[in-house]
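Take a look at the structure set out below.
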Amino acid sequence: MNDIQHHHAELLCHEVVISEGLCLLFLILTTSAATAATASVASTTALDKMSANTANSVGDTATCTTSNERKKFLGANWKCSLETVEQVDDCIFQLNQLWESLPLNEKDAVELCIYPSYCFIDRVRKGLHNKNNNIVVGSQNVYDATGNAGFTGSCTPKMVQSLGGTNVLIGHSDRRNALGESNALIAQKVQQCLAVEGLSVTLTIGETAWQRKTGRALSTLYHQLRVATQSLLVNGGANANNWHNLVIAYEPVWAIGDGATPCSPTEAARVHSALRAWIARRVSPEAAAACRLVYTGSVNAQNAIEYTSLDHVDGSVVGRAGLDMVQLKSIIQTLAASSSAAE
Ligand code: PGA
431 MNDIQHHHAE LLCHEVVISE GLCLLFLILT TSAATAATAS VASTTALDKM SANTANSVGD
491 TATCTTSNER KKFLGANWKC SLETVEQVDD CIFQLNQLWE SLPLNEKDAV ELCIYPSYCF
551 IDRVRKGLHN KNNNIVVGSQ NVYDATGNAG FTGSCTPKMV QSLGGTNVLI GHSDRRNALG
611 ESNALIAQKV QQCLAVEGLS VTLTIGETAW QRKTGRALST LYHQLRVATQ SLLVNGGANA
671 NNWHNLVIAY EPVWAIGDGA TPCSPTEAAR VHSALRAWIA RRVSPEAAAA CRLVYTGSVN
731 AQNAIEYTSL DHVDGSVVGR AGLDMVQLKS IIQTLAASSS AAE
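The opening position of the sequence shown corresponds to residue 431 in my numbering, with each subsequent residue numbered one higher.
Structure below.
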């Protein structure tokens, strides 16, 4: 290890120690607050209270979003599962039937984002019956290209916006691990997407089985988050509006796909609390309160309630369950129920 690597490793360790210490403090605060809370505010998190107190004590008039005000988010990542227009049209037909069968309060409670491949974004957006804009269409990726440069074959954030896409999924483990995307590239994509009006980002972060086994789960996540959001940290990162446009999807890589073991809800709760505490500390309590954190990895109709009922989990991104309308409907209803339970 050379001096620079050594220094970097030291900094990382230092951050993990501090972060995990603050996490502990955060969890203690959460626990004591929960004990003291009355039934009517039992679901309000300690962080939300901290953020409200901070805003009041410094006379900050910015509206602090509480967990109740963060709309539930459900992403359906179709990956490359649908390869023909016939398959896509069939899925659109089923989605429309599903959506029409839901009562208004359930539709209003959840933002459903469908991620088709680039080729089908336009077709899906036009095909969905979506009067209230609660189903949005996103892109599974963009390249870090801007117009008029030598990026043959790329899709820019502006192209997604022009097709009516409103969200871009960035940093999925398929792209990080199988396609070799670096944290630096992911950071550029986040910055470019958020610079385009009307585009929000779902940033996926997650540790591999090996990183977890070697005790580096949280440090890996903090590192991915820090690099990917560096463009949001300028000016002290105090602009909570940018964080409002960010959904952070925690995706334990070891919990995804066929045969994977899902991450236990207890562990998911620990990680989501740690991530929100990190944002509160590194950016601001307002940013932490505004940003939606969602869990992804083998979520289905049976286990959705275990994740969506957790304090710091604002929804989910699903792969397989997003192509199965019975499962998808059940997950939407679970999310809607957890949203009304929090009110
Ligand atoms: P899964 O996929 O829900 O099928 O595990 C999740 C994802 O890869 O986004």
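No residue lacks a Cβ here, since even glycine has one placed at the ideal position from N, Cα and C.
Residue i - partner residues in DSSP beta bridges
i           : result
residue 600 : 633
residue 523 : None; residue 523 has no bridge partner.
residue 747 : 505 and 726
residue 566 : 543
DSSP state of residue i mapped onto helix, strand, coil
i           : result
residue 739 : coil
residue 572 : coil
residue 777 : Look at the range of the chain in this structure, 431 to 773, and you will see that residue 777 is not part of it.
residue 686 : coil
residue 625 : coil
residue 488 : Low per-residue confidence applies at residue 488: pLDDT is 25, beneath 50, and the placement is therefore not dependable, though the value from the model is reported in the following sentence. Reduced to three states, the DSSP call for residue 488 is coil.
residue 720 : helix
residue 605 : helix
residue 679 : strand
residue 769 : helix
residue 732 : coil
residue 580 : coil
residue 758 : helix
residue 611 : coil
residue 705 : helix
residue 638 : coil
residue 692 : coil
Among the options, nearest to residue i - alpha-carbon criterion
i           : options               : result
residue 628 : 641, 648, 604 and 676 : 676
residue 682 : 508, 650 and 706      : 650
residue 537 : 564, 718 and 630      : 564
residue 751 : 740, 734, 664 and 696 : 734
residue 711 : 551, 663 and 531      : 663
residue 548 : 698, 532, 592 and 561 : 592
residue 721 : 688, 551 and 744      : 744
residue 514 : 553, 685 and 766      : 553
residue 700 : 686, 637, 648 and 726 : 648
residue 613 : 654, 542 and 760      : 654
residue 597 : 582, 611 and 555      : 555
residue 569 : 656, 601 and 696      : 601
residue 530 : 624, 544, 727 and 558 : 558
residue 707 : 641, 511, 567 and 742 : 742
residue 727 : 603, 769, 754 and 524 : 603
residue 719 : 703, 765 and 656      : 703
residue 561 : 526, 731 and 693      : 526
residue 541 : 632, 729, 583 and 606 : 632
residue 732 : 581, 516 and 756      : 756
residue 599 : 634, 583 and 610      : 634
residue 672 : 688, 685, 691 and 624 : 624
residue 686 : 637, 566 and 715      : 637
residue 521 : 772, 500 and 551      : 551
residue 640 : 607, 590, 657 and 730 : 607
residue 698 : 684, 740, 595 and 544 : 740
residue 590 : 769, 693, 630 and 730 : 630
residue 528 : 764, 772, 767 and 760 : 760
residue 716 : 765, 674 and 609      : 674
residue 543 : 610, 594 and 585      : 594
Anticipated Cβ contact below 8 angstroms, residue i with residue j, distance rounded
i           : j           : result
residue 622 : residue 587 : 5 angstroms
residue 506 : residue 748 : 6 angstroms
residue 678 : residue 723 : 5 angstroms
residue 546 : residue 518 : 7 angstroms
residue 539 : residue 509 : No, residue 539 and residue 509 are not in contact; Cβ-Cβ is about 26 angstroms, not under 8 angstroms.
residue 620 : residue 659 : 7 angstroms
residue 705 : residue 680 : 7 angstroms
residue 534 : residue 762 : Contact flag wrong, Cβ pair sits at about 13 angstroms.
residue 511 : residue 758 : 13 angstroms between Cβ atoms; not a contact.
residue 642 : residue 684 : 7 angstroms
residue 714 : residue 729 : That pair is no contact at about 29 angstroms.
Original post:
Which whole runs of the beta strand (DSSP E) in the stretch 497–521 are 3 residues long or more, in chain order?
Top reply: 502–507
**OP:** Jot down the residue ranges of each uninterrupted alpha helix (DSSP H) in the stretch 525–558, minimum 4 residues, whole runs only, in chain order.
**Re:** 534–539 and 551–557
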